[in-house]
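Here's the structure, in structure tokens; my notes come after.
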Amino acid sequence: MSTRISLLAAGAVALAAAQPAFAQKQYGPGVTDTEIKIGQTMPYSGPASAYGVQGHVEDAYYAMINAKGGVNGRKIKLISLDDGYSPPKTVEQTRRLVEQDEVLAIIGTIGTPTNSAIQKYLNAKKVPQIFISTGAAKWDDPKNFPWTTQLYPPYQMEGMIFAKYLLKNKPDAKLGVFSQNDDAGKDYVKGLKDGLGDKAKTMIVKEVTYEVTDPTVDSQIVALKASGADTLFTMATPKFGAQAIRKVYELNWRPLNYVVSVSSSIKGALEPAGLEASTGLLTALAAKTPTDPRFANDADIKEFKEFLTKWYPKGDIADGSTVTGYISAYMTVKVLEACGDNLTRENLLKQATNIKPTAAPLLLPGIKISTRPDRYAPYTQMQIARFDGKSWVPEGEIFNTDAPSR
């Protein structure tokens, strides 16, 4: 009898050893059998409050996912706090999320200065700071900041795309450069100059910057017009982008005006500036414009409209931030699903930095999101588009800047 019991016990041990490792649940902070707690800060107030829509859309998307059963049976709980686009406030709120709320990760925080303020802290604590909404080059630094990834087209890449457009379509341009005086602005301008190469010195006739604390940017636009520039590179957040577009129009100045993607929202920037004043602007896009008639019967757009109607009826389909938030929430759910029952901070980072080419909803045809351990930047493709008074209309070929794996 004892021999039989011993054999049964040995068999049980062997069976247990044979079970796959993934069957064992591993949880990091903020995770239980029923919940995944994540956090972020958003500029619900302050100079970049137009971007706050992203947080509302993401919260609504998670509510939709939770209503369908959640992620592998777990509901997503998003704690989204206002930082007013103020770095000291971002630090305060992020420390609360990590140390008091004990979230699994910080996901989707908006802004270059705000994320810069918390990057060292989160990396030191090995807390994932993923899918942040900024395209600064500093986020693609796996060696020095392995816990930080972005989910926005890189600013330098976008600057290069416009440079290539100019060299092909207006090589004799007299270029004025208007940018925000921070890392984001510097990245855009670096990409522009790198793309222009040796011609940057002769093509750029005037460079001016603004501070996010400036009440207006009228004086900068007046100075650019006085320089004789016939082409303008406008790098600004929505509030200041709208001011710049409007002032150009009021001065009866009609340069070829490129507005960077962070300020290309029809609802957030172009409508405040005036649709007539905005007509003819150029930008670069990675995602579809939901108001574009060409996409009226597009399956992604139909699903997006249904989502807004049911889960975020206050959302404006013409606001680019609704699209950004929707894609961010979709990708967050995807990486959480990929984690399975190994919902540790280490595995979440692993999944976020090993994304196979993914045609996320609302991306333009041919554009995909992907990451590698040696390239955290998720976007390598964009397309030039022109505003026709109602919608952004893509033109030309998709520009791809991906480099082979190192």
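Residue numbering for the sequence shown is -23 to -1, 1 to 383, as defined by mature numbering (1 follows the signal peptide of the UniProt record, and there is no 0). Note that beta-carbon positions come from the ideal geometry of N, C-alpha and C, so glycine has one too.
Where Phe272 falls: helix, strand or coil (DSSP):
The count along the sequence shown starts at 1 and reaches residue 272 at position 295. Helix at Phe272.
Considering only the alpha carbon of each residue, which of Val48, Pro371, Asp118 lies closest to Gly317? One-based indexing of the sequence shown puts residue 317 at position 340. Taking only the C-alpha atoms, the option nearest Gly317 is Val48.
Alpha carbon of Gly205 to alpha carbon of Leu259, nearest angstrom = To locate residue 205, count along the sequence shown from 1; it is residue 228. To locate residue 259, count along the sequence shown from 1; it is residue 282. Cα to Cα, Gly205 sits roughly 20 Å from Leu259.
I'd like the span of the alpha helix (DSSP H) that includes Arg363, first residue to last. The sequence position of residue 363 within the sequence shown is 386, counting from 1. Element bounds for Arg363: not the alpha helix (DSSP H) but the beta strand (DSSP E), 358 to 364.
Which first and last residues belong to the alpha helix (DSSP H) in which Val300 is found? Within the sequence shown, numbered from 1, the residue matching residue 300 stands at position 323. Val300 -> alpha helix (DSSP H) spans 297 to 316.
(message) Taking its Cβ as the centre, do 16 or more other Cβ atoms sit within 10 Å of Asn234, making it buried, or is it exposed?
(response) Within the sequence shown, numbered from 1, the residue matching residue 234 stands at position 257. Buried is the call here.
- Message: Does Gly23 come out as helix, strand or coil in the three-state DSSP assignment?
- Response: In the sequence shown, the residue the question calls residue 23 occupies position 46. Coil, per DSSP.
For Leu313 and Arg72, the rounded distance between their alpha carbons: Here the question's residue 72 lines up with position 95 in the sequence shown. Here the question's residue 313 lines up with position 336 in the sequence shown. Taking the straight line joining both Cα atoms gives about 23 Å.
Selected residue, minimal CA-CA separation from Arg349, among Asp293, Asp60, Leu326: Counting from 1 along the sequence shown, the entry for residue 349 is found at position 372. When each option's Cα is compared against that of Arg349, the closest is Leu326.
Requested in this report: Quick one: grab the DSSP three-state call for Gly174.
Outcome: In the sequence shown, residue 174 corresponds to position 197, counting from 1. It is helical.
*Looking only at C-alpha atoms, which of Pro342, Glu227, Lys115 sits nearest to Ser93?*
Mapped onto the sequence shown, residue 93 falls at position 116. The shortest Cα separation from Ser93 among Pro342, Glu227, Lys115 belongs to Lys115.
Using a Cβ-Cβ cutoff of less than 8 Å, which residues in the same chain neighbour Gly373 once the five nearest sequence positions on both sides are dropped? Within the sequence shown, residue 373 is the residue found at index 396, counting from 1. If we look at Gly373 and ignore the five residues flanking it on each side, its Cβ neighbours are Tyr142, Gln360, Ile361.
Thr89 by DSSP, collapsed to three states: which one?
Residue 89 sits at position 112 when you count from the first residue of the sequence shown. Helix at Thr89.
Note to self: Residues in the same chain with beta-carbon distance under 8 Å from Asp275, minus the five sequence neighbours each way, listed in chain order, please.
What the structure shows: Locating residue 275 in the sequence shown gives position 298, where the first residue counts as 1. Counting only Cβ-Cβ distances below 8 Å, and skipping sequence neighbours, we find Lys265.
What are the uninterrupted segments assigned as beta strand (DSSP E) that are 3 or more residues long and contained completely in the segment 135 to 163, given in chain order? 152 to 157
What would DSSP say about Tyr38, mapped onto helix, strand or coil?
Start at 1 with the first residue of the sequence shown, and residue 38 comes out as number 61. The answer is helix: DSSP assigns Tyr38 an H, G or I state.
Notebook entry, point to check: What first and last residue would you give for the beta strand (DSSP E) that runs through Tyr235?
Noted result: To locate residue 235, count along the sequence shown from 1; it is residue 258. Here the beta strand (DSSP E) through Tyr235 covers 233 to 236.
Exercise for review: Quick one: residues in its chain with C-beta nearer than 8 Å to the C-beta of Thr186, no 5 flanking neighbours on either side, listed in chain order?
Suggested key: Translated into positions along the sequence shown, residue 186 becomes position 209. So the list reads Phe155, Ser156, Gln157, Asn158, Gly162, Gln197, once near-sequence residues are dropped.
At what residues does the beta strand (DSSP E) containing Ala261 begin and finish? Within the sequence shown, residue 261 is the residue found at index 284, counting from 1. Segment 259 to 262, the beta strand (DSSP E) holding Ala261.
| said: Classify Thr125: buried if its beta carbon has 16 or more other beta carbons within 10 angstroms, exposed otherwise. | reply: Here residue 125 corresponds to residue number 148 of the sequence shown, with the count starting at 1. Label assigned to Thr125: buried.
In angstroms with no decimal places, state the Cα-to-Cα distance between Ser242 and Ile87. Here the question's residue 242 lines up with position 265 in the sequence shown. Here the question's residue 87 lines up with position 110 in the sequence shown. Approximately 15 Å between the Cα atoms of the pair.
Assuming contact is defined by CB atoms lying nearer than 8 Å, are Ile53 and Ile15 in contact in what I supplied? The residue you call residue 53 lines up with position 76 of the sequence shown. The residue you call residue 15 lines up with position 38 of the sequence shown. Yes, they are a contact pair.
### Task
Alpha carbon to alpha carbon, how far is Phe272 from Leu128? Give it in angstroms, no decimals.
Here residue 128 refers to the residue found at position 151 of the sequence shown. Here residue 272 refers to the residue found at position 295 of the sequence shown. Those two C-alpha atoms are separated by around 23 Å.
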